[in-house]
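*Asks:* Can you keep this structure in mind? I'll have questions shortly.
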Amino acid sequence: MRDPRRQLQGRQAKVAGEHFENMIAGACRFYEESHLAKIEKTPEPMRPLRAPNGSGQFLACYTKQAQPDFKGAIYGGRAFVMEAKHTDADRIERSRLTQEQLDELESYHAIGARAFVLVSFSLRQFFRIPWPVWRDMRERFGRLYVKPEELEEYRVSAPGGIIKFLEGLVPPLRHGSFGEEQVRDE
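Heads up, the sequence shown is in our numbering, so the first residue is 100 and it goes up one at a time.
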């Protein structure tokens, strides 16, 4: 028998994760409109197992190993990859990434891409953790999880609900506040 509390927690986590991805998508649109980056959500390749029902829903399975959640290029032409993880807990564990995701981030990092894990704690605190920091979590923190207070140097702001995950990686905008029409200096 299913535990209704666990079902509710699962639904709440799914909604929070979707909200986090929507916040990132808003930032991606802003960065693209500002000519600072072109970053897109990586589609999850699926194969339908059954024909769609009357409301268009179908049963499917993933056909490829997990890829980083977001990929693209930032100002200056450098490749950018990022995995996004949300938690309502007081810590985030390294095991939240699958071995395939770890391998993909390492591959991109090895050829010079900017690779990160963007973490949301309760949709209130956001951290852009460089891949080497996430990868070497045990050596850096003495364990395979981190808490927000240990990540202060990687904190990014989210004015107006748009996460500034490229702050410090792209040229600053000339005027206005984040989320308003802006132009970068050439």
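Don't be surprised by glycine CBs; every beta carbon is placed ideally from N, CA and C.
Using DSSP with H/G/I as helix, E/B as strand and the rest coil, what is serine 194?
*Replies:* Residue state, collapsed to three classes: helix.
*Asks:* Give the straight-line distance between the Cα atoms of isoleucine 138 and isoleucine 173, rounded to the nearest whole angstrom.
*Replies:* 8 Å
*Asks:* Can you tell which of Arg149, Phe215, Pro142, Glu203 has its C-alpha closest to the C-alpha of leucine 268?
*Replies:* Phe215
*Asks:* Distance, Cα to Cα, isoleucine 262 vs glutamate 199?
*Replies:* 26 Å
*Asks:* Measure the beta-carbon distance from threonine 141 to phenylalanine 169 and round it to whole angstroms, keeping in mind my assumption that it falls under 8 Å.
*Replies:* 7 Å
*Asks:* For proline 271, which of Ala115, His134, Leu250 has the nearest alpha-carbon?
*Replies:* His134
*Asks:* Report the partner residues of glutamate 251 according to the DSSP bridge assignment.
*Replies:* Per DSSP, none; premise fails for glutamate 251.
*Asks:* With a cut-off of 8 Å on the beta carbons, I'd call phenylalanine 225 and alanine 257 a contact; round off their distance for me.
*Replies:* 6 Å
*Asks:* So for isoleucine 123, helix, strand or coil by DSSP?
*Replies:* helix
*Asks:* Is tyrosine 244 helix, strand or coil by DSSP?
*Replies:* strand
*Asks:* From this set, Leu222, Pro231, Lys113, Thr197, which residue's C-alpha is nearest glycine 211's C-alpha?
*Replies:* Among Leu222, Pro231, Lys113, Thr197, the Cα nearest to that of glycine 211 belongs to Pro231.
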